[in-house]
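Heads up, our numbering is the position in the sequence shown plus 1050, with the first residue counted as 1.
Note that the Cβ used here is the ideal one computed from N, Cα and C, for glycine as well.
Bear in mind the structure is a predicted one, so any value in this text is a computation, not a measurement.
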Amino acid sequence: MSANDAPRAQQPSAAYDSAFLKACRREPVPHTPVWFMRQAGRSLPEYRKVREGIPMLESCMRPELVTEITLQPVRRHGVDAAIFFSDIVVPLKAIGVDLDIKPGVGPVVERPIRTRADLAQLRDLTPEDVSYVTEAIGLLTRELGATPLIGFAGAPFTLASYLVEGGPSRTYENAKAMMYGDPELWADLLDRLADITAAFLKVQIEAGASAVQLFDSWAGALAPVDYRRSVLPASAKVFEAVAGYGVPRIHFGVGTGELLPLMSEAGADVVGVDWRVPMDEAARRIGPGKALQGNLDPTVLFAPTEAVEAKTREVLDSAKDLEGHVFNLGHGVMPSTDPDALTRLVEYVHTRTAR
């Protein structure tokens, strides 16, 4: 499967008229829909219990375990969408890249990509490489019924950063050195990753995902001129590859306030906003024709309930004139977050915004 394969438009699913998908399509909603990045994860005791003793990548390859973990926050919090439990490096592992997710560190790549010869590690991704994803989404959509399932993938720049650095980085010196010093190699790397990412999203959509989100977690490390020249073409290729399916496409990055217009230009239907930019200002930067997602600071959830509600009202008030708004945090749920705070937040947003 390549990014150039013509996608087959999806038939409307049971989730088609959900508040989440309506908001993504900028249609009237009964209430502002809510979901949380990393809602299925370490903040939940039930998650820690079922994951006990199972390495992260292995847990992503067990369909029944993926199903259980994905469903946990839907049961507990009453969120308006589920997010598929996986990891952005899963498609890289599936095509044979020698990497592992080390506890307390993150993804670590055994042989970082530093030369053109190293690109040989990146072959095309086929559906057979990730058959466990297809199986898990089939199980999930039957369980979820009218609740939408969001598929996701890492964006080419963020994946490239891990592959070139060999693991997490605060400065991205090796990735940026390649981007500036060997732009042709960099472009070929991102183009190949765009094909792999598009193929991974296609598998998820064809299995039944109702929307997809592209995480460009580290794009905030870039200046706008570098993003436009060296990153935007690859992200745009991913979004274009899945456009024909007709499912909402969400684009999110951290620290990307200065990049919001460019991230919108990449082709998403919904642009995620982190907590640093108010929603009305984000809408001004992005321009018309897009729904927005966000953007409560995740650390607010450690404050008393009254403070959480006050900050939530600020977000909702800032978003009141948007064409479409999906309430979310400005980044992922932090591991030590009280799950009850999330449950209360969902209920508060639903009640406050009921039409």
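- Cβ-Cβ separation between Leu1379 and Pro1348: approximately 5 Å, consistent with a contact (criterion under 8 Å).
- Within the model, the alpha-carbon separation for Asp1168 versus Asp1238 is close to 12 Å.
- Note that the region 1212-1221 does not touch the region 1280-1298; fewer than 3 beta-carbon pairs, one per stretch, sit closer than 8 Å.
- With a minimum length of 4 residues, the unbroken runs of alpha helix (DSSP H) contained wholly in the region 1217-1275 fall at 1223-1231, 1233-1257.
- Judged by beta-carbon spacing, Ala1065 lies beyond the 8 Å limit of His1081, meaning their Cβ atoms are not closer than that value.
- Taking 4 residues as the shortest admissible run, the region 1117-1180 contains the following complete alpha helix (DSSP H) segments, listed from N- to C-terminal end: 1140-1144.
- About 18 Å separates the beta carbons of Val1304 and Val1262, which is beyond the 8 Å limit, so they are not a contact pair.
- By the Cβ criterion, the region 1137-1148 is not in contact with the region 1089-1098, since fewer than three pairs of Cβ atoms, one from each stretch, lie closer than 8 Å.
- Among the bridge pairs identified by DSSP, His1301 is matched with Leu1264, Val1321.
- Here Cys1074 is near Asp1319, since their CB atoms are less than 8 Å apart.
- Taking the Cα of Ser1219 as reference, the smallest distance to any Cα among His1375, Thr1208, Gln1089 is reached at Thr1208.
- Secondary structure in the region 1300-1378: the beta strand (DSSP E) runs of 3 residues or longer, each lying completely within the stretch, are 1320-1322, 1341-1343 in chain order.
- Contact between the region 1364-1380 and the region 1334-1346 is present: three or more C-beta pairs spanning the two stretches fall below 8 Å.
- A buried status is given to Pro1389, since no fewer than 16 other beta-carbon atoms sit within 10 Å of its beta-carbon.
- Going by DSSP, Phe1202 is part of the beta strand (DSSP E) stretching over 1199-1204.
- A buried status is given to Val1183, since no fewer than 16 other beta-carbon atoms sit within 10 Å of its beta-carbon.
- Counting along the chain, the unbroken alpha helix (DSSP H) around Ala1069 starts and ends at 1069-1074.
- Here the alpha carbon of Ala1244 sits roughly 10 Å from the alpha carbon of Ala1203.
- With the rule of 3 Cβ pairs closer than 8 Å, the region 1083-1091 counts as touching the region 1111-1127.
- Spatial neighbours of Ala1332 in its own chain (CB-CB distance under 8 Å, excluding positions within 5 residues in sequence) are listed in chain order as Gly1307, Leu1310, Val1321, Val1323, Leu1342, Gly1344, Asn1345.
- Annotation for Thr1393: the continuous alpha helix (DSSP H) segment containing it runs 1389-1402.
- Per the coordinates, the alpha-carbon of Arg1405 lies some 25 Å from the alpha-carbon of Ile1300.
- Taking the C-beta atoms as reference points, Ala1205 is found nearer than 8 Å to Ala1269.
- Counting along the chain, the unbroken alpha helix (DSSP H) around Met1106 starts and ends at 1106-1109.
- For Val1383, the three-state secondary structure derived from DSSP is coil.
- The C-alpha of Lys1226 lies about 31 Å from the C-alpha of Glu1108.
- Each of Ser1386, Gly1382, Gly1258, Val1399 was checked against the Cα of Leu1366, and the nearest Cα belongs to Val1399.
- Apart from sequence neighbours up to five positions away, the residues of its chain that approach Lys1072 with a beta-carbon distance below 6 Å are Val1079, ordered along the chain.
- With a 10 Å radius around the Cβ and a threshold of 16 neighbouring Cβ atoms, Thr1165 comes out exposed.
- Residue burial is scored here from C-beta neighbours: Val1275 has fewer than 16 other C-beta atoms within 10 angstroms and is therefore classed as exposed.
- In the structure shown, Val1084 falls within a strand segment according to DSSP collapsed to helix, strand and coil.
- For Arg1098, the enclosing alpha helix (DSSP H) begins and ends at 1095-1101.
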